[in-house]
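Residue numbering for the sequence shown follows this note's numbering, starting at 30 and increasing by one per position.
Presented below is the structure to which this report refers.
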Amino acid sequence: MPRMARVVLPHMPHHVVQRGHNRQIVFAEDVDYERYLEDLRELSSALDIRVYAYCLMTNHVHLLLGPGEEVAAMGRLMKALAARATRYRNRLEGRSGTLWEGRYKSSPVQTETYLLACTRYIELNPVRAQMVPAAGEYPWSSFRQRMGEAECWIDLDPAYCELADDNAERRVRYARFVEQGVPEQELSLMREALQRGQLTGNQRFVDEVEQVIGCRIERRRPGRPPSRRA
């Protein structure tokens, strides 16, 4: 059975996941994480792709990316990131071969309904994995940048900016939102959307995208969207 073509839409956020080949470890030392983030920052700027959120786990990465008009740039970004990390690891270990799975997973995210929820989902990955007790204690996600605890080079997405008029209040409200955790229904929706290459959004969003791309997108029933003003 042919695999489903990836849906990539201009000027829209996409939840992207890339895993290590056979789930092997891709980040072993601090320098591995640092190099990947440096490459992400450099390449996203060169390719005009917004980085709204990220979380680097030991054997996979979660990114929330916003391509511009040229949607193919997102694929070039992921290919370049994987190639640089692979060359570095192979040179370091005197080995050859692939480091990553050949095909990353992605899901366009409905901005007004699920974008903030997707950001929370990404930044809570290490908490769900029981690596740290709170998002702010993990150094390899965008949470600390968002909270003003590290140099901020990520792009602040529209849903986050709408939380409040000033940055301090935004941080308070977002931190409270993150502390609530991710509801199980929301977890299932986002995991399934990624696995199937579907859309993270409500039925209206699906209908609109189907009209744009001219074909039907099979999907599951969405859960109730979370409140942004938590």
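Here a beta-carbon is modelled for each residue, glycine too, at the ideal position from N, C-alpha and C.
* Asked: So what's Y83 in DSSP terms, helix, strand or just coil?
  -> As a working mapping, residue 83 is identified with position 54 in the sequence shown. Strand at Y83.
* Enumerate, from N- to C-terminal direction, the unbroken beta strand (DSSP E) stretches of 3 or more residues contained entirely within the segment 70 to 157. => 79 to 85, 89 to 95 and 134 to 137
* To do: Assign Q47 to buried or exposed, taking buried as 16 or more other Cβ atoms, counted over all protein chains shown, within 10 Å of its Cβ.
  => Locating residue 47 in the sequence shown gives position 18, counting from the first residue. Buried.
* Burial state of R132, where buried means 16 or more other Cβ atoms lie within 10 Å -> One-based indexing of the sequence shown puts residue 132 at position 103. Looking at its Cβ environment, which holds fewer than 16 other Cβ atoms inside 10 Å, R132 is exposed.
* To do: Compute the Euclidean distance between the alpha carbons of N51 and E130, then round it to the nearest angstrom.
  => The residue labelled residue 51 in the question sits at position 22 within the sequence shown. The residue labelled residue 130 in the question sits at position 101 within the sequence shown. A direct Cα-to-Cα measurement between N51 and E130 gives close to 7 angstroms.
* **Among S136, R79 and Y150, nearest to R35 - alpha-carbon criterion** => Residue 35 sits at position 6 when you count from the first residue of the sequence shown. The candidate whose alpha carbon is nearest that of R35 is S136.
* 6 angstroms CB neighbourhood of R199 in its chain, flanking five on each side removed -> Taking the sequence shown and counting its residues from 1, the one referred to as residue 199 is at position 170. Within the same chain, R199 has close Cβ partners L192 and A193.
* Since P39 contacts P96 with CB under 8 angstroms, what's their CB separation in whole angstroms? -> One-based indexing of the sequence shown puts residue 39 at position 10. One-based indexing of the sequence shown puts residue 96 at position 67. About 6 angstroms separates the two Cβ atoms, so the contact holds.
* Quickly, what does DSSP pair Q47 with across the bridge? List them, please. => As a position in the sequence shown, residue 47 is number 18, starting the count at 1. DSSP lists V90 as partners of Q47.
* Asked: Are at least three pairs of beta-carbons, each pair with one atom in the segment 174 to 181 and one in the segment 62 to 72, less than 8 angstroms apart?
  -> no
* Can the beta-carbon of M86 be found less than 9 angstroms from the beta-carbon of P42? -> As a first step, residue 86 is located in the sequence shown; it is residue number 57 there, counting from the start. As a first step, residue 42 is located in the sequence shown; it is residue number 13 there, counting from the start. Not a contact, by the Cβ cut-off of 9 angstroms.
* To do: List the whole-angstrom C-beta distance separating L106 from H44, where the pair is believed to meet the contact cut-off of C-beta under 8 angstroms.
  => Counted from its first residue, the sequence shown places residue 106 at position 77. Counted from its first residue, the sequence shown places residue 44 at position 15. Not a contact, Cβ separation roughly 14 angstroms.
* By a C-beta neighbour count over all protein chains shown, 10 Å radius and 16 as the cutoff for buried, is C190 buried or exposed? -> As a first step, residue 190 must be located in the sequence shown, where it is residue number 161. Looking at its Cβ environment, which holds fewer than 16 other Cβ atoms inside 10 Å, C190 is exposed.
* Asked: Which residues share a DSSP beta bridge with S217?
  -> Residue mapping note: residue 217 aligns to position 188 of the sequence shown, counting from 1. BP columns for S217 are empty, so no partner.
* Just confirm the distance between the C-beta atoms of T148 and L128, as a whole number of angstroms; I'd bet it's less than 8 angstroms. => On the sequence shown, position 119 is the one that residue 148 refers to. On the sequence shown, position 99 is the one that residue 128 refers to. At roughly 27 angstroms, the Cβ-Cβ gap does not stay under 8 angstroms, so T148 and L128 are not in contact.
* Look at Y143 and C84 and say whether their C-beta atoms are less than 9 angstroms apart. => Counting from 1 along the sequence shown, the entry for residue 143 is found at position 114. Counting from 1 along the sequence shown, the entry for residue 84 is found at position 55. Taking 9 angstroms as the Cβ cut-off, Y143 and C84 do not qualify as a contacting pair.
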